[in-house]
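In short: position in the sequence shown from 1, add 7, done, that's the numbering used here.
Shown next, in structure tokens, is the structure this report addresses.
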Amino acid sequence: YQRRVREGVKGFRKILVSSGTEINVFAYFSWVAHTRQAYNLMMHIWKNPPNYVDVRAVKNYVVTMDNKRQEEQQQQKQKTKVNVDAANQMVKAIQDVDQMQNEAMKKLAEQGEQIDRINNTLDDINDDLKRADHLMKGIESMPYYLFGGSTKSQAKKERVVKDHTITVAPNTPPIIEVEILFRARKSLSTALMVFETDAFKVLDNKTEKPLSNSQYNYIDVDKIVVRARHETMDILFNTKRKDPVRLCSSYLQIIANQIYTRSSLSGHDVNVEFEDASHKWDYQDEWIYKLPPPKSGTRNFGLANGNFQSLASIFGNPETQKDMEVVDKALDTVSGLLTGIISKGIEINKEINSQTITLREAVKKTDEASGRMSNLNERMDKAS
């Protein structure tokens, strides 16, 4: 499919599909919303061909290929030079990045606590200025002095400095992004589904900003229903605060896998149901999202390696195997560090956004204190 054209034909709208020099009418629609939904669905399926993984079959194939490689290596007995130093240098570079990120997190936490102290000081200043204003009114007006209320100073409120230490639990799953068609206001719109540690959310595909009321905690998910209608899924919740979610996507297996596995990490079980005549597939195995995506250029499904065996196992030479075991360990270390770096980056961004809000509050309080101070100075000049 190369392009799409919509035209009005006696009150109807149509989708024209062009393939080379041939143009065919896909369908006629009496309502513009139906035309848009059909077009979005066609484009999504075209760009992201459905691809479901049979985990057992993939693992069996990998084991077979692994055995075949071992036989070939044993026959050839060829020694392959492995650059262990390069692997160790790569680990050292990633560790340096991780250390710098940890230092940045520490500095950011100190900055957040300092901003809190500034905010608390501004609260104390504003409280003092309010009391000064009360006293000034008593000086300016005898009736207010007699009947305007007590001038007895009140005990200062205890201010709390929040702990801004940024922590990321070990083995935290990486952030996963999946393209979907999200049903909102009776229309299917392109969107981005983002799976984080404790919740998933739906973002506008163009602005990448969260849609209204579209963040969902995994513990609130009751069940997932895979509909008989192709590539359609409903997500139902155990709370009345969240309406059921309907979506279409070529990545239903990834979506079900993420909700199921991440809910399990929180000690919460999610039921996955398949309607009659729907396509049934695996959803419990963690390797589902680690396998390479079906098409290059698609959204990231995590730090996928696409293999089930170690690199060392495919070499027959003992010395080479020993070197490759070092490389295997290095790659595992790098993978874990990169996953942690991504997770820490998300938490750092959250902390920065929180501090930005607090700073705006501090600016507002500073303006209020400045205004009160100027007002008091003018009134004191008049009184003198």
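Positions of the beta carbon are idealized from the N, C-alpha and C atoms, including for glycine.
What you are looking at is a predicted structure, and each value in this text was computed from that prediction instead of being measured.
Would you report the Cα separation of Val70 and Asp330, rounded to the nearest angstrom?
-> 22 Å
Looking only at C-alpha atoms, which of Lys66, Phe189, Asn382, Tyr290 sits nearest to Val252?
-> Phe189
What whole-angstrom Cβ distance do Leu195 and Asn47 have, given they're in contact under 8 Å?
-> 5 Å
Report the rounded CA-to-CA distance for Leu272 versus Tyr223, giving the unit in angstroms.
-> 16 Å
Span separating the alpha-carbon of Asp170 from that of Lys164 | 19 Å
Other residues of its chain near Leu254: CB distance less than 7 Å, five sequence neighbours each side excluded | Ile187, Leu188, Phe189, Arg190, Met240
Within its chain, find whatever has a CB closer than 8 Å to the CB of Ser270; leave out the 5 residues flanking it on each side and keep chain order.
-> Tyr225, Ile226, Val228, Asp276, Val277
Check Arg398 in the structure and name its three-state DSSP category.
-> Examination of residue 398 is not possible in this model, given that the chain is present from 8 through 391 alone.
Taking the CB atoms as reference points, tell me whether Ile266 and Val185 lie closer together than 8 Å.
-> no
Please state whether DSSP places Thr214 in a helix, a strand or coil.
-> coil
Report back the beta-carbon spacing between Thr197 and Pro180 to the nearest angstrom; my notes put them in contact at under 8 Å.
-> Wrong, their Cβ atoms sit about 25 Å apart, outside the cutoff.
Can you tell which of Ile231, Ile182, Lys193 has the C-alpha that lies nearest to the C-alpha of Phe207?
-> Ile182
First and last residue of the uninterrupted alpha helix (DSSP H) at Thr197 = It is not in any alpha helix (DSSP H) - Thr197 instead sits in the beta strand (DSSP E) that spans 194 to 202.
Sequence-distant residues of the same chain with beta carbon closer than 6 Å to Val333, five excluded per side = Val91
Identify the residues that DSSP records as bridge partners of Met240: which are they?
-> Val233, Leu254
Can you tell me the Cβ-Cβ gap for Val168 and Glu117, rounded? I've got them flagged as a contact below 8 Å.
-> Actually they do not touch by this definition, with Cβ atoms about 11 Å apart.
Taking DSSP as the reference, what is the three-state secondary structure of Tyr59?
-> coil
Straight-line gap, Asn133 to Asn384 (C-alpha atoms, nearest Å) = 15 Å
Between the CA atoms of Arg63 and Lys287 - distance to the nearest angstrom | 14 Å
Closest residue to Asn126 among Ala390, Gln106, Glu375, Arg386 (Cα-Cα distance) = Glu375
Local Cβ density within 10 Å of Ile321, reported as buried at 16 or more and exposed below that | Unreliable positioning characterises Ile321 in this predicted model, as indicated by a pLDDT of 48, which lies under 50. The coordinate reading is nonetheless provided below. Classification of Ile321: buried, given that the 10 Å Cβ count is 16 or more.
Using DSSP with H/G/I as helix, E/B as strand and the rest coil, what is Asn278?
-> strand
CB Val104 to CB Ala337, shorter than 8 Å?
-> no
Would Glu238 be called buried (16 or more neighbouring beta carbons within 10 Å of its own) or exposed?
-> buried
Find the nearest neighbour of Thr340 within the set Ser285, Gln44, Gln96, Tyr68, judged by alpha-carbon distance.
-> Gln96
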